[in-house]
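Here the sequence shown stands for residues 29 to 320, numbered as in our numbering.
All C-beta atoms, glycine included, are put in the ideal place defined by N, C-alpha and C.
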Amino acid sequence: MYVATLLTNPNTPKLEEALVETLCNAWGGSEPIWLGENEAAEFRFPALSDNQEAVWAELQLLEVDLIVQPLGKRRKLMLLADMDSTMIQQECIDELADEAGVGDRVKEITARAMNGELDFDGALIERVGLMKGLDEAVIDKVLQERITLMPGGAELVATMRLNGGYAALVSGGFTAFTAKVAEQLGFDENRANALLVENGKLTGDVQRPILGKQAKVDALEQITKRLGLSAADVLAVGDGANDLGMLGKAGTGVALHAKPSVAQQCDIRVNYGDLTALLYLQGYSRAAFADV
29 MYVATLLTNP NTPKLEEALV ETLCNAWGGS EPIWLGENEA AEFRFPALSD
79 NQEAVWAELQ LLEVDLIVQP LGKRRKLMLL ADMDSTMIQQ ECIDELADEA
129 GVGDRVKEIT ARAMNGELDF DGALIERVGL MKGLDEAVID KVLQERITLM
179 PGGAELVATM RLNGGYAALV SGGFTAFTAK VAEQLGFDEN RANALLVENG
229 KLTGDVQRPI LGKQAKVDAL EQITKRLGLS AADVLAVGDG ANDLGMLGKA
279 GTGVALHAKP SVAQQCDIRV NYGDLTALLY LQGYSRAAFA DV
């Protein structure tokens, strides 16, 4: 048995009952369950359809996301999340670079690295090197003035923790940012790279070893082992090439507003929904979301 979840942007909910009913009937599904009014619905059906990808593409034109997964154990006990462009709406290194006056150059490298065109470690070292001499106090300035949380993130973390889940924020970014974001959103722990500082200035380097793609997989394995869980118990979310390892290993890996080269390698793609989509795909209704 499978479950299909249809959802859209909560800020502009446009999911029509007729659309859900039509697909449900075409796939031989059971009566649809509405998880959020005009926002998210699901139905169960017996067998995968040959036209699933074509239907997904048609729904994308209507700004509707379609997620198909086995009905089985879809409620997860651990959230493993990327930070930049996932739990926050920015890339923290790009925002720092703007303050350092090298924004355009760094943004270009970031885009290529997240698209998988560049080696992550080398790209990170190069970008941090361009910010040598930047005042450490700029980090707090960027946090206060430039960083905004991704919609739905607080509900996602709080709801999963309310239901016995563990939340870990694992980023190729910097601990100065993950510590603050993790505290704001209620994550249980966070891991990231440490910017090196001397006399109040960035040295232009990061502490080794660098936390990249493999380190995110390692985090998944280490944390699940510590908690007595398995990879099947994990819901992972990210948007960049360095997230592919953890997305592939997790029981449910979600490409959220991901780069095209990343999205095409993932079965679960959310392009229009926000982070509450990760609750809907687990079967939570909006009424069951934690108050934040």
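Starting from the Cα of residue i, find the closest Cα among the options and give me that residue.
{"i": "Ala207", "options": "Glu45, Gly180, Ile167", "result": "Ile167"}
{"i": "Ala259", "options": "Met274, Tyr308, Asn270", "result": "Met274"}
{"i": "Arg28", "options": "Trp55, Gln118, Asn221, Val298", "result": "Outside the shown range of the chain (29 to 320) lies residue 28, about which nothing can therefore be said."}
{"i": "Val262", "options": "Pro41, Lys104, Lys42, Leu87", "result": "Lys104"}
{"i": "Glu86", "options": "Leu51, Lys241, Asn221, Ala186", "result": "Leu51"}
{"i": "Leu213", "options": "Ala196, Ala305, Arg140, Asp233", "result": "Ala196"}
{"i": "Glu70", "options": "Lys42, Glu49, Glu81", "result": "Glu49"}
{"i": "Arg171", "options": "Trp84, Asp319, Thr203, Leu255", "result": "Position check: residue 171 holds Leu in this sequence, whereas Arg was assumed. Selected option, being the one with the closest Cα: Thr203."}
{"i": "Ala243", "options": "Phe205, Leu257, Asn270", "result": "Asn270"}
{"i": "Ala109", "options": "Ile61, Tyr194, Gly256, Asp319", "result": "Tyr194"}
{"i": "Ala264", "options": "Leu107, Ile238, Ala220, Gly180", "result": "Leu107"}
Sort out for me which residues DSSP pairs residue i with in a bridge.
{"i": "Gly129", "result": "Bridge partners of Gly129: none, in fact."}
{"i": "Arg72", "result": "Val31"}
{"i": "Gly64", "result": "Ala68"}
{"i": "Leu223", "result": "Val234"}
{"i": "Val166", "result": "DSSP lists no partner for Val166."}
{"i": "Lys229", "result": "Asp163, Glu226"}
{"i": "Tyr194", "result": "Met106"}
{"i": "Gly266", "result": "Ala283"}
What is the residue span of the alpha helix (DSSP H) that residue i lies within?
{"i": "Gln242", "result": "241-255"}
{"i": "Met106", "result": "Taken as a continuous stretch (DSSP letters only), Met106 belongs to no alpha helix (DSSP H), being part of the beta strand (DSSP E) at 106-109."}
{"i": "Ala85", "result": "80-89"}
{"i": "Ala305", "result": "305-308"}
{"i": "Ala153", "result": "Checking the sequence shown, residue 153 turns out to be Ile, not Ala. Per DSSP, Ile153 belongs to the alpha helix (DSSP H) from 148-157."}
{"i": "Phe215", "result": "It is not in any alpha helix (DSSP H) - Phe215 carries neither H nor E in the DSSP assignment."}
{"i": "Val185", "result": "181-190"}
{"i": "Val290", "result": "288-291"}
If you follow the beta strand (DSSP E) that residue i is part of, which residue opens it and which one closes it?
{"i": "Leu94", "result": "93-98"}
Residue i: buried (16+ other C-beta within 10 angstroms of its C-beta) or exposed?
{"i": "Ser58", "result": "exposed"}
{"i": "Lys241", "result": "buried"}
{"i": "Lys253", "result": "exposed"}
{"i": "Asp267", "result": "buried"}
{"i": "Met111", "result": "buried"}
{"i": "Ala151", "result": "buried"}
{"i": "Asn322", "result": "The chain is shown from 29 up to 320; residue 322 falls before or after that span and cannot be answered."}
{"i": "Glu81", "result": "exposed"}
{"i": "Val320", "result": "exposed"}
Taking contact to mean at least 3 C-beta pairs separated by less than 8 Å, is the stretch 57-77 in contact with the stretch 275-282? no
If contact is defined by three or more beta carbon pairs under 8 Å, each pair taking one atom from either stretch, is the stretch 120-136 in contact with the stretch 144-162? yes
Check whether the stretch 214-227 touches the stretch 179-193, counting contact only when three or more Cβ pairs, one atom from each stretch, lie closer than 8 Å. yes
Stretch-stretch touch, CB-based, cutoff 8 Å, three pairs: the stretch 147-157 with the stretch 225-236: yes
Does the stretch 93-111 come close enough to the stretch 140-150 that 3 or more CB-CB pairs lie under 8 Å? no
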